[in-house]
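Remarks on the structure that follows.
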Amino acid sequence: MRQLSIVSIVILLLSITTIDSNSQNTLNKDAWGEMFCRLGLTEDDLGFQPKGYWTRYPDPKDIPYKMLAFDDLFAEPQYIYDFVRIMALSVEDYLHPDYLAEHNNGLLKVAYYCGIRNMTAQFRDYSASLWAEIDDEEPLLMAIKGIYQQTGRVYRFNVLGNAADFPLIERDLREAIAPIHIAVRKAVARTILHLLEAHRFQQIAVRNIDYQDAVDCWRIRQLGETQFDGMEYFPQLEDCAQNLDFNSIYYAGCKLLESSEQLADTLIALKESLKIDWKKQNMDVYTPIGRLVIAGTGKDTHQYSDAFLVIDLGGNDTYRGAVGSTPSLEIPISLTIDLDGNDKYINDDEFLPSQGAAILGAGMLLDVSGNDYYQSKRLSQGAAMLGIGILADLEGDDEYRLWTSGQGGAYFGIGLAIDNRGDDKYYLWGDGQGYGGVGGVGTLVNRSGDDKYYCEPLAEKAFRPDYHSKDGKLNYSYAQGCGIGRRGDVSDGHSWAGGMGTLIDIEGNDLYESANWSLGCGYWYGMGFVYDGSGNDTYKSASWTQAAGAHFCIGALIDEAGNDVHQCWEEQSVGMGFGHDYTIALFLNRGGDDVYKLKDNGLGYAINMSQVFFFDTAGEDRYITGGKGDNYGWNNFDRFNPPIIGAFQVLFSNQICLFADMDGKDNYTIIDYETGAKGVDERMSDGAEIFFPTEAELDSLANKRYYGLGKDFKDWDGPEMEYFRDKMKKRFEGFKK
26 MRQLSIVSIV ILLLSITTID SNSQNTLNKD AWGEMFCRLG LTEDDLGFQP
76 KGYWTRYPDP KDIPYKMLAF DDLFAEPQYI YDFVRIMALS VEDYLHPDYL
126 AEHNNGLLKV AYYCGIRNMT AQFRDYSASL WAEIDDEEPL LMAIKGIYQQ
176 TGRVYRFNVL GNAADFPLIE RDLREAIAPI HIAVRKAVAR TILHLLEAHR
226 FQQIAVRNID YQDAVDCWRI RQLGETQFDG MEYFPQLEDC AQNLDFNSIY
276 YAGCKLLESS EQLADTLIAL KESLKIDWKK QNMDVYTPIG RLVIAGTGKD
326 THQYSDAFLV IDLGGNDTYR GAVGSTPSLE IPISLTIDLD GNDKYINDDE
376 FLPSQGAAIL GAGMLLDVSG NDYYQSKRLS QGAAMLGIGI LADLEGDDEY
426 RLWTSGQGGA YFGIGLAIDN RGDDKYYLWG DGQGYGGVGG VGTLVNRSGD
476 DKYYCEPLAE KAFRPDYHSK DGKLNYSYAQ GCGIGRRGDV SDGHSWAGGM
526 GTLIDIEGND LYESANWSLG CGYWYGMGFV YDGSGNDTYK SASWTQAAGA
576 HFCIGALIDE AGNDVHQCWE EQSVGMGFGH DYTIALFLNR GGDDVYKLKD
626 NGLGYAINMS QVFFFDTAGE DRYITGGKGD NYGWNNFDRF NPPIIGAFQV
676 LFSNQICLFA DMDGKDNYTI IDYETGAKGV DERMSDGAEI FFPTEAELDS
726 LANKRYYGLG KDFKDWDGPE MEYFRDKMKK RFEGFKK
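The numbering used here puts the last residue of the sequence shown at 762; the count rises by one with no breaks.
Here you go:
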């Protein structure tokens, strides 16, 4: 028996050795694996799994409001690409013209993968469970009557046992409904019942919310500007975040998403088939849950303080104030649909959410087609705080202008800005364009077109000065795929995890401009992602940017194709693959003849126990640096080595920094930015390999868990990197604009 046990143990040990060997051989087949092999690393050395005994480290178990994926991606960063790719694939699949032609749930699908699933795992991507039984003879009247019944409001007034002479709600409603064609009435009636159910779930969601807390939260408008360093604590906001039934809010949002697309498709089909005067399809009535408006195809002006459903059938219209957004706590569900026309959406009130935004509710604006103009101040254009807000523009060359908090931005909720087709322009002061503030998911999706994303870089134009820039001339952008938390360790101890900010652009020659903290950037348990599918793109930013972050976070920039330009133009630049203080950063550029230009540190640069991965997979690329910074896999292996008391946790962590150019005849240049003089950068060249630390330096270190490698493979002929291979099947092989 004892002999059998010994034999079994030997066999088991041999099996484990074989498995480990096979795993390592698989890893060694691609460029990533070769670099890991050169450093003596395995897959098990990736990522961070913080422990409670890491004194002074902000234990993730004690940091509330983390995103579902954070801990796992922090521990297994090799799966960041797959995670981001799934979101991008949902945009390709479900906003594809062929899918939209056959289905009316494309927006819901995209919202699920790019928003809802990242906040809660309790939904799946089936449907919004829309259900409506409408009356055959008077569908719209009976649907509105249902609102009165469900909300407990009087529909037929009476006094002393007799019917009152007035008001006569039913008579007034019949008169207002009379101009509306019966087919339109039926379509709108269904949507009303869908929104009524959304309203019911919103009421469920806020059942434990203190009303005064809700009122106080409504007036908060500079949350992004005050939370990153914990400059003001809002206890009422935290109370609402802990007591709100978020899933009921998101369920209400799902109903807006699917119902809006369903109604828009139905009305467009009716406009093609019915030979009626569509200009005369007009109606404006009050209901207990908000105003209901139907407008024809004329040139209309809309301005309401209480709208829950606005439908415009076409024309070059102007919208002012709250549009497809919660205008007050009393109107927590709001949907606006505009079918056609070159429209203007203008909101001049910074305390009014607008253009697909919500506070403690669900708001959505769907503009189907036309070259539109959007202008607002705060919390707008796909934004939310304690709610879900969606702006969807399906076609046209559009322009979006906003101060802060929007264009796909959220705090304790979900903000989605979706644009399907057209050459679009975005302008922002900060906190947007794919911004996940505390406890929020903010996503900007733009499927096709040559687009321009601009976040004001200069403090003299929008005063948000960042002390990291020289003389504070440049701004905190917090934009373009950025997740930012509340760093309470430097103030009142209320540390909240950052959310997830994502910018997805599938096709087109795009321009991205910003200053600091942008373009795939994380901060304080936040995650920031940028995914660009194809096109010759230009990225211009300053510092803490283009796959970067600080303090326990994740940042990634993925560009799948094209001849791209990446520039960090500020003197104190750190970017294009940079991490500080337990940051995971991934920069991946696939194919194309690319240009990288920066003045200071970057191109694979890790400090204070971070893991940074820079990969350019192909093309004849140019790398232009100031020659004075730390680049090409450098890491600060000699800092806190051995560690001081405050850096105890570095004993249990690996600092890893990789720079790799995998193919092509590349050029490495140093430029003196004052004189313009150029020279060859001797630090890197085709076929070169640099270790940080060197073997001699490593021998001298007390803590040897530092691994840096810069490598130009010259002509890589091995397999595609497994971790960054597109493993998914597209629903449609051909791309259609």
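Just so you know, even glycine gets a beta-carbon here, dropped at the ideal spot from N, CA and C.
query = Taking Cβ to Cβ, would you say cysteine 279 is nearer than 7 angstroms to alanine 153?
reply = yes
task = Please classify serine 285: does DSSP put it in a helix, a strand, or coil?
result = Of the three classes helix, strand and coil, the one that applies to serine 285 here is helix, per DSSP.
Exposed unless 16 or more other CB atoms sit within 10 angstroms - verdict on serine 710 = exposed
ask   = To the nearest whole angstrom, what separates the beta carbons of asparagine 372 and serine 401, a pair I think is in contact under 8 angstroms?
value = 4 angstroms
task = Return helix, strand or coil for phenylalanine 673, following the three-state DSSP convention.
result = helix
query = Which first and last residues belong to the alpha helix (DSSP H) in which glutamine 597 is found?
reply = Taken as a continuous stretch (DSSP letters only), glutamine 597 belongs to no alpha helix (DSSP H), as it is neither H nor E.
ask   = Who are the near neighbours of proline 204 in its chain, counting only those whose CB is closer than 8 angstroms to its CB and skipping five residues on each side?
value = Here the set comprises Lys305, Gln306, Asn307, Met308.
Local conformation of alanine 230 per DSSP, three classes = In this structure, alanine 230 counts as helix in the three-state DSSP scheme.
ask   = Does the distance from the C-beta atom of valine 116 to that of isoleucine 531 stay below 7 angstroms?
value = yes
request  = Would you list the one or two residues that DSSP bridges to tyrosine 537?
outcome  = Tyr478, Tyr564
ask   = Is the beta carbon of tyrosine 478 sitting closer than 7 angstroms to the one on glycine 467?
value = no
request  = Determine, using beta carbons only, whether leucine 66 and leucine 734 come nearer to each other than 7 angstroms.
outcome  = no
key: Spatial neighbours of glycine 339 in its chain, beta-carbon cut-off 6 angstroms, leaving aside the 5 residues before and after   = Thr322, Leu364, Asp365, Gly366
key: One or two residues paired with lysine 703 in a DSSP bridge   = Ile696
message = Excluding the 5 residues flanking glutamine 505 on each side, which residues of the same chain have their C-beta closer than 7 angstroms to its C-beta?
response = Gln458, Gly459, Tyr478, Cys480, Leu528, Tyr537, Ser539, Ser543, Leu544, Val555
query = Does the count of Cβ pairs from the segment 223-232 and the segment 415-433 closer than 8 angstroms reach three?
reply = no
ask   = Taking Cβ to Cβ, would you say glycine 759 is nearer than 7 angstroms to isoleucine 695?
value = no
inquiry  = What would DSSP say about aspartate 309, mapped onto helix, strand or coil?
reply    = strand
query = With glutamine 328 and glycine 349 assumed to form a contact (beta carbons below 8 angstroms), what rounded beta-carbon distance in angstroms separates them?
reply = Rounded, the Cβ-Cβ distance is 13 angstroms, inconsistent with contact.
request  = Please name the residue, chosen from Trp79, Pro83, Val109, Gly72, that lies closest to aspartate 97 on a Cα-to-Cα basis.
outcome  = Gly72
message = So, for histidine 219: in the same chain, excluding its five sequence neighbours on each side, which residues have a beta-carbon less than 7 angstroms away from its beta-carbon?
response = Leu155, Ala157, Lys280, Ser284
query = Within this structure, are the beta carbons of alanine 573 and cysteine 593 separated by less than 7 angstroms?
reply = no
request  = Could you tell me whether the Cβ atoms of threonine 642 and leucine 623 are closer together than 7 angstroms?
outcome  = no
inquiry  = For the segment 437-451 against the segment 286-300, do three or more pairs of beta-carbon atoms, one drawn from each stretch, fall closer than 8 angstroms, so that the two count as touching?
reply    = no
key: lysine 450 - DSSP class collapsed to helix/strand/coil   = Three-state DSSP puts lysine 450 in a strand.
ask   = What residue from Gly523, Ile172, Asp190 has the CA that sits closest to alanine 575's CA?
value = Gly523
Continuous alpha helix (DSSP H) assignments of at least 4 residues falling wholly in the segment 85-111 = 95-100
task = With a cut-off of 8 angstroms on the beta carbons, I'd call tyrosine 106 and tyrosine 748 a contact; round off their distance for me.
result = 6 angstroms
query = Hey, is the segment 600-607 in contact with the segment 486-504, meaning 3+ C-beta pairs nearer than 8 angstroms?
reply = no
query = Would the beta-carbon of phenylalanine 738 fall within 7 angstroms of that of glycine 658?
reply = no
request  = Under 6 angstroms Cβ to Cβ from arginine 316, same chain only, skipping five residues before and after it: list those, please.
outcome  = Tyr329, Asp331, Ala332
Per-residue DSSP class, three states only, for leucine 628 = Coil, per DSSP.
inquiry  = Among Leu391, Ile141, Arg246, Ala347, whose alpha-carbon lies nearest the alpha-carbon of isoleucine 274?
reply    = Ile141
ask   = Could you give the distance in angstroms between the alpha-carbon of alanine 126 and the alpha-carbon of threonine 145?
value = 29 angstroms
key: Closest by C-alpha distance to lysine 761, when choosing among Thr80, Pro89, Leu120, Glu68   = Leu120
query = Going by alpha carbons, who is nearest to serine 566 out of Ser405, Gly526, Leu411, Val590?
reply = Val590
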